[in-house]
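Residue numbers (my numbering), protein chains in the order written: chain Z, 1 to 542; chain R, 543 to 1266.
Heads up, the beta-carbon is just placed ideally off N, CA and C, and yes, glycines get one too.
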Amino acid sequence: MGIYGNPNIPILSIVTYIPLIGALFIAFFYNRENANAIKRTALAVAVIDFLVSVPLWIAFDAKKAGVENFQFREQWSWIPSLGVQYHFAIDGIALLLILLTTLTGCIAIYSSFDAINHRQKEYYVLLLLLQTGMIGTFCALDFFLFYVFWEVMLVPMYFIIGIWGGARKLYAAIKFFLYTLAGSVLMLLSILALYFFNDGGIPFLNIKGLGNTPTFDVLQYHNIGHLIPPSLQFWIFLGFFFGFAIKVPMFPFHTWLPDAHVEAPTAGSVILAAVLLKMGTYGFIRFALPILPDGTKQLLPVIVALAIIGIIYGALVSLVQKDMKKLVAYSSVSHLGFVMLGMFALNPMGIQGSVLQMINHGISTGALFLLVGIIYERRHTRLISEYGGLAKQMPMYATLFLIAALSSMGLPALNGFIGEFTILLGAANRNIWWAVFAAVGIVLGAAYLLWLYQRVFWGPLDNPKNQNLLDVNRRELITLLPLVACMIWIGIAPGIFFETIDEPVKYLVQKVDPGYYNKPVLAVAPVEAAAGTAAVVAEGAR
Amino acid sequence: MVNPWLLLLVPLLPALGAAINGFRAFWWPKTPKNRAITNAIAIGSTALSALLAAYSVLSYVRGGTEHAFQHVYYSWIPAGIGQVTGGFISNFGIDFAFRLDPLSCTMLLIVTWVGCLIHIYATGYMSHDTGYTRFFTYLNLFMFMMLLLVLGANYMVMFVGWEGVGLCSYLLIGFYYDKNFAAEAGKKAFIANRVGDFGFILGIFLIFNTFGTSDYGRVFAQITAHGHAYAGVATAICLLLFVGACGKSAQIPLYVWLPDAMAGPTPVSALIHAATMVTAGVYMVVRSNALFRLSPTAMAVVAIIGAVTAIFAASIGLVQNDIKKVLAYSTVSQLGFMFLAAGVGAFTAAIFHVMTHAFFKACLFLGAGSVIHGCGGEQDMRKMGGLREYMPKTHATMLLATIAISGIPPLAGFFSKDEILGNAFGYSIPLWLIAVVAATFTAFYMFRLYYMTFRGKYRGAHVEGIEESEPKHAGHDLIGSHTHLDQGDQHSDKGHGHHDDVHLPHESPASMTGVLWILAILSVIGGLVGFPTGLFGGAKETIFQRWLEPILVPIGDHHFHFHEASKSTEVVLILVSIGVAVFGIALARRWYFSDPSWSTPKRLGTNFSFIHQVLENKYYVDEIYNATAIGGTVKLARALSWFDANILDGLVNLVRHITVIVLGHGSSMFDKYVVDGAVNGVGAGAREGSSALRRMQSGFVQNYALVMGGGIVLLAAVYMFTKA
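As structure tokens, this is what we get:
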């Protein structure tokens, strides 16, 4: 672990730029005709990046509290006149998201081997560039740097949808782009407002600044956030809200998502669902909440309402989709509603569940998109009505799909349950009615997924076009098995995930709600008090 | 002392069996030898688990039953600090922990042993099915989940098992998934259960908010300590928990899935939809008795729902002609009795009835399976008759179980049902009356089933005058036996056994009848542990009541008391309960045996055709649900989907158009880059093709340059503007 503990080795930069180097290498040294070599190199780069990123978790000291939890720090001055730094560090939350990114990166690349048949060189170069953009976004602790990565990330995705997408790819790509762009601009305004507040104020709005040295350092803003007057917090929060809510996407800013998902190639959908949507929720957790506690509380009713509407609305709309991929896309709206709800419960359960659900959604929905892609490659249609009875012809595929669906609908002992349950527990702890409404989404979740499953896999195998379909091949199995393994792992033993995010969540709760932990602890009636009665719990042999 | 690791093996062994058989189902060819290996794994794991369960219970009992044994295996969900009513905080972490107390011991033994018997039976019953290994995979997985449910030491572990058994039920109901009605029934079961779980999980949240934990021991200890301080919230908690129980245990209004669940193979109906899973709701209510006793309102709701379900389902059972349907409605009705018991405060009677019901209903279902098997897949009782001659063992065992369920002493059903009726009488006379009528119905429809199936003459497939009974949708088990078992050829689940070559019914193999005998004997003697010794000058409490007493924790300083009626009242009640059973049996005999043409029921059917119609169509509840709740949801979903595609997305597009138009006139810069870029892009989309790709890319780059450039210009401009 020496490498990972050594402050002279910029390990986060290494993880971030391995894909970039791989992309440049492919771009300059590979002939576009040599598709096989390009594929293999791209996969090798992604796998190496994943393998390099895993030990981060082992070297990471989850027990470090507060700001100390940001580890593997790299901090250099970059543009001194503006106070811009090259500042990388990750806490437990970013760590898990980076691991999710590097894992899905490998899967996305491997799953494209057969699906992408033209302009392969550009495709893999762009996927690797995207990888760098995403990892960098999670590592950056300087607003300027963050913004650069945030924008860099958009470009490859834009091309991936626009060039390798389906019939309406251009419409979808432009919509994705303009929507996100609009959000980014508002987010940028908020960042600037913070910047000027820290520095000299904003004279034409009559806002006095703190007069500190200009900086884009996020951690600095974590410390001065509470000094910002509530009215200004409101506006800054609003700017962040638009930037991130579009990305999440929250109802009613979600309409780019179904189009983007449906048109994107499978790998694009997987990455979009698994990682890109998490940028929005991550933004709230990293910036909006800890910096703007008052703004958070002012907008909280609206956001919670939108989250709950999103949960139910997304699920209901999923119910009647005719296209499998669109169904899964709308289910994302519902799931991300859970993530937002948990976050804005502003208590440890809610936020932990929210973070975990970000990971879970990446795993489950990523798997569902892969699965839809597998059947699409065989039949070139995603219409549910084209299928029926596939369980007979493709038993392995049917089983994997069932596991992914069950995980997505939150069946206990699989990952989705742990996330949804903790979120709802947190929400209920703040206001039981939030949980009452949100739990409707759980019922509907079972309804739309099982109905999909019934129509696609059960019933008679009567469409002749489906009667000779091949079951999943080895490559497809390899892309799915890690995800299935994660589903079961997180479902049964999520402890290590909770440990990893425990301190960052505590840090966040203390920023947003400083008095939370200072209340008296409930004295549970000592079990001995009931001695002589039946209520006594004998301690098991330990 | 209980060994926690051996206890852990009790659920883990079936899980292991399921895992191994699950992999084998994919990759191993379907040969007789592999079938034997499947048997060895499935039965071996459950039998070993049953033995370990018995050993654990024995070692627990030896250590005394007044304390629960509890063991934490690991911290499952370390969720964090939460707020508890009254301004306190508490650690909401959830442990994976098991608990042994008399209640879980009882359920543990029922589940493992009845489960093991049914596994053995299924080796015979399913022997010709191509999905043999898959079937045992699901069955073992079910055992695992059910054992988690009863062994869990907190509501969350129970919930895992609770949803897990729901999954297995879904998979097994839909076992013949290529038949539409089986697929439909499976989905229906899962979703109805999910509706119930919605209530259950909210109940759990309230428990967390109130007690800061979901651990039984800690919750009950707080109730014992603070007593009635929780009375208000207890009503909400209990009602929510009861919603969950209604889903799982098929009570009004969520019972609709259970009759359809008969689409699964018959061993499944016996194990899951009669003996074990559907009683989970009763277990949960009894487990939470401390909470329920805090809320008389919740108790009343439980009692009323139970009683109404009991008579409602029994009335439907009166006119069904499908042998499994009769048993299904009977199960719903008997579950109603159990909730009635719990609601009137007779928690031990509820569990007692769970136990006796497990014996006789498993026996009845397996007997019905044997009948169906013997008749080549026929389930319509109008085409049976006279089977006593052909299937003597099945006949004898089923007769015993039928007497047991009807409530004739000294068979098992009598004791448990009598205890329920007695307690109901002490609680409310109207409820008692409802229950008595339901008990009369029970005796009638069960003996109607008996006489139609086993007595009279065989009315096999070629008997005329009976309309073809092709099922409208659900309820028919798809047994694969086109042929006699001993022929050994591999017919798969090819439809449900309407075959052209008429051959006579035959007795089932020993693996099936042997199990039937064991269950029949249990149905006869299983009730003796509830023998009302008080009536004969013995102890006031029955053996079973004393055994379960430790789970009835005191509330504050208020200890639980068993209901005590005066001896004379009790004798009268017993006579009434025997009397109505005899009446029901006599009526069935008169109508369906003494008169082979069944003229009386037929006449009643025509004279009161409206009532008959309503009963035969199960009060049209399915139709009503389809029209309202389900249809409404789908309509709403359609409307929202339209809203999403046209209004919401339309707005987005409108904004884009306006922006394009306004900016297009306002700024030539913007026009050149954004609009052209966008229009180029869209235009290219219309034409597509390789030449368009090139142009599109250039459009994209322009867009992007503008974005990045715009951002930086903005940044710089604002900076300079404010600095100055």
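Query raised in the report: Start and end of the alpha helix (DSSP H) containing Q510 (chain Z)?
Result: Here residue 510 (chain Z) refers to the residue found at position 510 when the first sequence is read from its first residue. From DSSP, the alpha helix (DSSP H) with Q510 (chain Z) extends over 495-512.
Query raised in the report: In this structure, does DSSP put A1081 (chain R) in helix, strand or coil?
Result: Sequence index remark: in the second sequence, residue 1081 (chain R) carries index 539 (1-based). Note: A1081 (chain R) maps to coil in three-state DSSP.
Query raised in the report: Among R:H915, R:F901, R:P972, R:F956, which residue has its Cα nearest to the Cα of T939 (chain R)?
Result: Along the second sequence, read from residue 1 onward, the residue named residue 939 (chain R) stands at position 397. Shortest Cα-Cα distance from T939 (chain R) to any of R:H915, R:F901, R:P972, R:F956 involves R:F901.
Query raised in the report: For the beta strand (DSSP E) that Y616 (chain R) lies in, which residues bound it at each end?
Result: In the second sequence, residue 616 (chain R) corresponds to position 74, counting from 1. That run of the beta strand (DSSP E) goes 610-619.
Query raised in the report: Should H1040 (chain R) be labelled buried (16 or more other beta-carbon atoms within 10 Å of its own) or exposed?
Result: Residue mapping note: residue 1040 (chain R) aligns to position 498 of the second sequence, counting from 1. Unreliable positioning characterises H1040 (chain R) in this predicted model, as indicated by a pLDDT of 41, which lies under 50. The coordinate reading is nonetheless provided below. Exposed is the call here.
Report task. For L406 (chain Z), return the contacting residues in chain R, with the cut-off set at a CB-CB distance below 8 angstroms. Result -> Numbered from its first residue, the first sequence carries residue 406 (chain Z) at position 406. Here the neighbours are L709.
Report task. Would you kindly report the start and end of the unbroken beta strand (DSSP E) that includes H557 (chain Z)? Result -> Since the displayed chain Z opens at 1 and closes at 542, residue 557 (chain Z) lies outside it and no answer follows.
**Report entry** Residue range of the unbroken alpha helix (DSSP H) whose run includes F967 (chain R)
**Finding:** Against the second sequence, residue 967 (chain R) aligns to sequence position 425. Segment 954-969, the alpha helix (DSSP H) holding F967 (chain R).
Report task. Count the other C-beta atoms from every protein chain shown that fall within 10 angstroms of the C-beta of Q467 (chain Z), then say buried if there are 16 or more, exposed otherwise. Result -> Residue mapping note: residue 467 (chain Z) aligns to position 467 of the first sequence, counting from 1. Result: exposed.
Query raised in the report: Alpha carbon to alpha carbon, what distance is there between H661 (chain R) and L1129 (chain R)?
Result: Within the second sequence, the letter at position 587 stands for residue 1129 (chain R). Within the second sequence, the letter at position 119 stands for residue 661 (chain R). Whole-angstrom Cα-Cα distance: 37 angstroms.
Query raised in the report: Using 9 angstroms as the limit for Cβ to Cβ distance, is A1179 (chain R) near chain Z?
Result: For the purposes of this step, residue 1179 (chain R) is identified with residue 637 of the second sequence, where counting begins at 1. Closer than 9 angstroms: yes.
Query raised in the report: Nearest CA to the CA of A870 (chain R): which residue from R:F611, R:A792, R:H895?
Result: Position 328 of the second sequence, counting from 1, holds the residue named residue 870 (chain R). Comparing Cα positions, the closest option is R:A792.
Requested in this report: Report all residues from its chain with a CB closer than 7 angstroms to the CB of L12 (chain Z); omit the five preceding and five following residues, and keep chain order.
Outcome: In the first sequence, counting from the first residue as 1, residue 12 (chain Z) sits at position 12. Excluding positions up to five away in sequence, the list reads F72, E74, F88, I90, C139.
Query raised in the report: Counting contacts by CB-CB distance shorter than 9 angstroms, is L289 (chain Z) in contact with chain R?
Result: Taking the first sequence and counting its residues from 1, the one referred to as residue 289 (chain Z) is at position 289. So no, L289 (chain Z) is outside the interface.
Report task. Grab the span of the beta strand (DSSP E) containing W78 (chain Z) for me, first residue to last. Result -> In the first sequence, residue 78 (chain Z) corresponds to position 78, counting from 1. Taken as a continuous stretch (DSSP letters only), the beta strand (DSSP E) holding W78 (chain Z) covers 71-79.
Report task. Can you say whether F1152 (chain R) is buried or exposed, counting buried as having 16 or more other CB atoms within 10 angstroms of its CB? Result -> If you number the second sequence from 1, residue 1152 (chain R) lands on position 610. The residue in question, F1152 (chain R), is exposed, as its Cβ has fewer than 16 Cβ neighbours within 10 Å.
Query raised in the report: For V656 (chain R), which of helix, strand or coil comes out of DSSP?
Result: In the second sequence, the residue the question calls residue 656 (chain R) occupies position 114. DSSP, read as helix, strand or coil, puts V656 (chain R) in helix.
Report task. Using a Cβ cut-off of 9 angstroms (strictly closer), state whether A313 (chain Z) contacts chain R. Result -> Indexing the first sequence from 1 puts residue 313 (chain Z) at position 313. The sequence as given places Tyr at residue 313 (chain Z); Ala does not occur at that position. True, the Cβ-Cβ gap to chain R drops below 9 angstroms.
Query - Close Cβ partners of M688 (chain R) (< 7 angstroms) along its chain, the five nearest in sequence each way excluded - result: One-based indexing of the second sequence puts residue 688 (chain R) at position 146. So the qualifying residues of the chain are V653, G703, V707, T818, M819.
Report task. Starting from Q357 (chain Z), follow the alpha helix (DSSP H) in both directions and report where the run begins and ends. Result -> For this step, residue 357 (chain Z) is matched to residue 357 along the first sequence. Run containing Q357 (chain Z): 348-379, per the alpha helix (DSSP H) assignment.
Query raised in the report: For W451 (chain Z) and chain R, any beta-carbon pair shorter than 9 angstroms?
Result: Here residue 451 (chain Z) is taken as the residue at index 451 of the first sequence, counted from 1. Chain R contact via Cβ: present.
Requested in this report: For the stretch 448-467 of chain Z and the stretch 396-411 of chain Z, state whether three or more C-beta atom pairs, one from each stretch, are separated by less than 8 angstroms.
Outcome: Contact between the stretch 448-467 of chain Z and the stretch 396-411 of chain Z is present, because at least three Cβ pairs lie under 8 angstroms.
Query raised in the report: Helix or strand or just coil, what does DSSP make of S1050 (chain R)?
Result: Translated into positions along the second sequence, residue 1050 (chain R) becomes position 508. The answer is coil: DSSP assigns S1050 (chain R) none of H, G, I, E or B.
Query raised in the report: Which residues in chain R sit within 7 angstroms of K297 (chain Z), going by Cβ to Cβ distance?
Result: Here residue 297 (chain Z) refers to the residue found at position 297 when the first sequence is read from its first residue. Near K297 (chain Z) there are no residues of chain R at all, since even the closest Cβ is about 16 angstroms away, more than 7 angstroms.
Report task. Give the DSSP-derived three-state secondary structure of F634 (chain R) in the structure shown. Result -> Locating residue 634 (chain R) in the second sequence gives position 92, counting from the first residue. Assignment of F634 (chain R) by DSSP, reduced to helix, strand and coil, places it in the coil class.
Report task. Would you be able to state if there are at least three C-beta pairs under 8 angstroms between the stretch 635-643 of chain R and the stretch 749-764 of chain R? Result -> yes
Query raised in the report: Would you call R1001 (chain R) buried or exposed, if buried means 16 or more other Cβ atoms sit within 10 Å of its Cβ?
Result: Taking the second sequence and counting its residues from 1, the one referred to as residue 1001 (chain R) is at position 459. By the neighbour-count rule (16 or more Cβ atoms within 10 Å), R1001 (chain R) is buried.
Report task. Quick one: using the 10 Å Cβ neighbour count with 16 as the cut-off for buried, is N212 (chain Z) buried or exposed? Result -> Along the first sequence, read from residue 1 onward, the residue named residue 212 (chain Z) stands at position 212. A residue is called buried once 16 or more other Cβ atoms fall within 10 Å of its Cβ, and N212 (chain Z), having fewer, is exposed.
Requested in this report: Specify whether the stretch 619-636 of chain R and the stretch 860-876 of chain R touch according to this definition: at least 3 beta carbon pairs, one from each stretch, less than 8 angstroms apart.
Outcome: The answer is no - the stretch 860-876 of chain R does not touch the stretch 619-636 of chain R, with fewer than three Cβ pairs under 8 angstroms.
Query raised in the report: Of all Cβ atoms in chain R, is any one closer than 9 angstroms to the Cβ of M349 (chain Z)?
Result: Here residue 349 (chain Z) refers to the residue found at position 349 when the first sequence is read from its first residue. Yes, contact with chain R.
Query raised in the report: Is L642 (chain R) helix, strand or coil when you go by DSSP?
Result: For this step, residue 642 (chain R) is matched to residue 100 along the second sequence. Strand, per DSSP.
Report task. At 7 angstroms on the CB atoms, spell out the chain R contacts of M396 (chain Z), in chain order. Result -> Residue numbering aside, residue 396 (chain Z) sits at position 396 when the first sequence is read from its first letter. Those within 7 angstroms of M396 (chain Z) in chain R are F568.
Query raised in the report: What three-state label does DSSP hand L188 (chain Z) in the structure shown?
Result: The residue labelled residue 188 (chain Z) in the question sits at position 188 within the first sequence. Three-state DSSP puts L188 (chain Z) in a helix.
Query - The beta strand (DSSP E) enclosing G624 (chain R), as first and last residue numbers - result: Walking along the second sequence from the start, residue 624 (chain R) turns up at place 82. If you look at G624 (chain R), you'll find it in the beta strand (DSSP E) that goes 623-626.
Query raised in the report: Considering only residues of the same chain and omitting the five flanking positions on each side of A27 (chain Z), which have a CB-CB separation below 6 angstroms?
Result: By 1-based counting over the first sequence, the position of residue 27 (chain Z) is 27. Hits under 6 angstroms: V125.
Report task. Please decide whether N682 (chain R) counts as near chain Z, where near means a Cβ-Cβ distance under 9 angstroms. Result -> Counting from one through the second sequence, the residue named residue 682 (chain R) turns up at place 140. False, the Cβ-Cβ gap to chain Z never drops below 9 angstroms.
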